[in-house]
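Engineer: The structure under discussion is supplied below as structure tokens; questions concerning it will follow.
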Ligand code: PAF
């Protein structure tokens, strides 16, 4: 496995491999890797000749300076995990390497980034689109892998690829959970043992709400019940819970209004913000 820090070196290596006819898979990350990331890397390795994983904490997608500063940086440990998994190249550039000049591009995603994460983290998805498009331009992958935990991010990346007409196939990967059901996230590292235990109630409550749906509870009642139940746990506070169409991400009045119904949630556990989602139905 090679650790590459400059665009020049990465481009040299990849163009040589492309000349040899090798397919290139790509997993963009911000490091602090967990089993969720490794599942993306494993799929990428299985489906491509070469697997590139980037580790770059992208400043333009943080709308909170403290969150950016507190974001865990664990390159040494991440490199060990990726070497064990069989990744070929880690790309770990500096901020000036990715942004020699400030990126002033403004993307227009219509309503996609006006809801949920986009509403609560203004500018976040513009920053994600900036960095992912920049990384795609550098790596030029055949396939790129994204986790479904960041459900809205996946929709934004797909929209961006379509808008920029990029020749990359986006591969969605299922959420990986801890034994308790808590969705794996780099942010979980900031939870105390007690907080981790209480945070497991997020997914437990989402699962119960799916049962309630089958018992014909309305969307409005489901939203209220999920929110009240989660808020009743000491240390948990729901920021939003929305039940949306899985493609447009717009809220739904009735279960039957879409063939693909997903519940998306953001919850503060102390000062750590966790997101999760559940598919209610796909037809
Ligand atoms: O999901 C993430 O870790 C980041 O948003 C991504 C896609 C690596 C872009 O910085």
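Residue numbers (my numbering): 9 to 291.
No residue lacks a Cβ here, since even glycine has one placed at the ideal position from N, Cα and C.
DSSP three-state label for residue 289, please.
Structural biologist: Counting from 1 along the chain shown, the entry for residue 289 is found at position 281. Of the three classes helix, strand and coil, the one that applies to residue 289 here is strand, per DSSP.
Engineer: Taking residue 249 as part of the beta strand (DSSP E), name the residues at either end of that continuous run.
Structural biologist: As a first step, residue 249 must be located in the chain shown, where it is residue number 241. Taken as a continuous stretch (DSSP letters only), the beta strand (DSSP E) holding residue 249 covers 244-253.
Engineer: Since residue 271 contacts residue 288 with CB under 8 Å, what's their CB separation in whole angstroms?
Structural biologist: The count along the chain shown starts at 1 and reaches residue 271 at position 263. The count along the chain shown starts at 1 and reaches residue 288 at position 280. Sure, about 6 Å apart at Cβ, within 8 Å.
Engineer: Please list, in chain order, all residues with a C-beta atom less than 6 Å from at least one heavy atom of the ligand PAF.
Structural biologist: Those satisfying the condition are, in chain order, 36, 37, 38, 66, 69, 136, 139, 140, 158 and 161.
Engineer: Is there contact between the stretch 53-67 and the stretch 138-156, where contact requires at least three CB pairs shorter than 8 Å?
Structural biologist: Yes, the stretch 53-67 touches the stretch 138-156.
Engineer: Can you give me the start and stop residues for the alpha helix (DSSP H) that residue 165 sits inside?
Structural biologist: Looking up residue 165 in the chain shown gives position 157. Taken as a continuous stretch (DSSP letters only), the alpha helix (DSSP H) holding residue 165 covers 159-171.
Engineer: Measure from the alpha carbon of residue 19 to the alpha carbon of each residue in 98, 94, 210 and 46, then state which is nearest.
Structural biologist: Here residue 19 is taken as the residue at index 11 of the chain shown, counted from 1. The option with the nearest alpha carbon to residue 19 is 98.
Engineer: Short check: CB of residue 86 to CB of residue 39, under 8 Å?
Structural biologist: For the purposes of this step, residue 86 is taken as residue 78 along the chain shown, with counting starting at 1. For the purposes of this step, residue 39 is taken as residue 31 along the chain shown, with counting starting at 1. It is a contact, given that the beta carbons lie within the stated cut-off.
Engineer: When we look at the beta-carbon of residue 155 and count the other beta-carbons within 10 Å, is it buried (16 or more) or exposed?
Structural biologist: Here the question's residue 155 lines up with position 147 in the chain shown. By the 10 Å Cβ count, residue 155 comes out buried.
Engineer: What would DSSP say about residue 181, mapped onto helix, strand or coil?
Structural biologist: Counted from its first residue, the chain shown places residue 181 at position 173. Residue 181 falls in the strand class under three-state DSSP.
Engineer: With residue 265 and residue 291 assumed to form a contact (beta carbons below 8 Å), what rounded beta-carbon distance in angstroms separates them?
Structural biologist: By 1-based counting over the chain shown, the position of residue 265 is 257. By 1-based counting over the chain shown, the position of residue 291 is 283. Their Cβ separation, rounded to whole angstroms, is 12 Å, which puts residue 265 and residue 291 out of contact at 8 Å.
Engineer: Between the stretch 167-177 and the stretch 186-196, can you find at least three pairs of beta-carbon atoms closer than 8 Å?
Structural biologist: Short answer: they don't touch.
Engineer: May I ask which residues mark the beginning and end of the beta strand (DSSP E) holding residue 268?
Structural biologist: Taking the chain shown and counting its residues from 1, one reaches residue 268 at position 260. Residues 268-277.
Engineer: Counting C-beta neighbours from all protein chains within 10 Å, is the total for residue 94 16 or more, i.e. buried, or is it exposed?
Structural biologist: What you label residue 94 is simply residue 86 of the chain shown in a count that begins at 1. The residue is exposed, with fewer than 16 neighbouring Cβ atoms inside 10 Å.
Engineer: Whole angstroms is fine: what's the gap from residue 334's alpha carbon to residue 147's?
Structural biologist: Nothing in the structure corresponds to residue 334, since the chain is present only between 9 and 291.
Engineer: Assuming residue 221 and residue 51 form a contact by the criterion Cβ under 8 Å, report the distance between their Cβ atoms to the nearest whole angstrom.
Structural biologist: As a position in the chain shown, residue 221 is number 213, starting the count at 1. As a position in the chain shown, residue 51 is number 43, starting the count at 1. No, residue 221 and residue 51 are not in contact; Cβ-Cβ is about 30 Å, not under 8 Å.
Engineer: Is it buried or exposed, residue 157, if we count other Cβ atoms within 10 angstroms and call 16 or more buried?
Structural biologist: Taking the chain shown and counting its residues from 1, the one referred to as residue 157 is at position 149. With 16 or more other Cβ atoms within 10 Å, it is buried.
Engineer: Under 8 Å by Cβ, that's how I've got residue 251 and residue 227 pegged, so tell me the actual separation to the nearest angstrom.
Structural biologist: For the purposes of this step, residue 251 is taken as the residue at position 243 of the chain shown. For the purposes of this step, residue 227 is taken as the residue at position 219 of the chain shown. With a Cβ gap of about 5 Å, residue 251 and residue 227 count as contacting.
Engineer: Output the boundary residues of the beta strand (DSSP E) element that contains residue 34.
Structural biologist: Along the chain shown, read from residue 1 onward, the residue named residue 34 stands at position 26. Residues 32-37.
Engineer: Give the DSSP-derived three-state secondary structure of residue 79 in the structure shown.
Structural biologist: Indexing the chain shown from 1 puts residue 79 at position 71. Coil.
Engineer: Using 10 angstroms around the beta-carbon of residue 276, count the other beta-carbons present and answer buried if the total reaches 16, otherwise exposed.
Structural biologist: Counting from 1 along the chain shown, the entry for residue 276 is found at position 268. Classification for residue 276: exposed.
Engineer: Quick check on this structure: which residue in 281, 178, 197 and 60 has the alpha carbon closest to the alpha carbon of residue 246?
Structural biologist: Indexing the chain shown from 1 puts residue 246 at position 238. Of the candidates 281, 178, 197 and 60, the one whose C-alpha sits nearest the C-alpha of residue 246 is 281.
Engineer: Taking the alpha carbon of residue 285 as the point to measure from, which residue in 262, 279, 257 and 21 has its own alpha carbon closest?
Structural biologist: What you label residue 285 is simply residue 277 of the chain shown in a count that begins at 1. If we check each option's Cα against that of residue 285, 257 comes out closest.
Engineer: With a CB to CB cut of under 6 Å and the five nearest residues on each side skipped, what residues in its chain are close to residue 129?
Structural biologist: Working through the chain shown from its first residue, we reach residue 129 at position 121. The residues are 71.
Engineer: From this set, 177, 231, 90 and 127, which residue's C-alpha is nearest residue 44's C-alpha?
Structural biologist: Taking the first residue of the chain shown as position 1, residue 44 is located at position 36. Among 177, 231, 90 and 127, the Cα nearest to that of residue 44 is on 90.
Engineer: Under a three-way DSSP split, which group does residue 57 fall into?
Structural biologist: Position 49 of the chain shown, counted from the first residue, corresponds to residue 57. Coil, per DSSP.
Engineer: Could you pull out every unbroken alpha helix (DSSP H) segment of at least 4 residues lying fully inside the stretch 206-246, listed in chain order?
Structural biologist: Whole alpha helix (DSSP H) segments, 4+ residues: 227-239.
Engineer: Around the Cβ of residue 142, are there at least 16 other Cβ atoms within 10 angstroms (buried) or fewer (exposed)?
Structural biologist: Position 134 of the chain shown holds residue 142. Residue 142 is buried by the Cβ-count criterion.
Engineer: To which residues of the same chain is residue 14 closer than 8 Å at the C-beta, ignoring the five residues directly before and after it?
Structural biologist: Walking along the chain shown from the start, residue 14 turns up at place 6. Closer than 8 Å at the Cβ level, and outside the excluded window around residue 14, lie 101 and 105.
Engineer: Smallest Cα separation from residue 34: which of 25, 244, 21 and 48?
Structural biologist: Counted from its first residue, the chain shown places residue 34 at position 26. Of the listed residues, the one whose Cα sits closest to residue 34 is 48.
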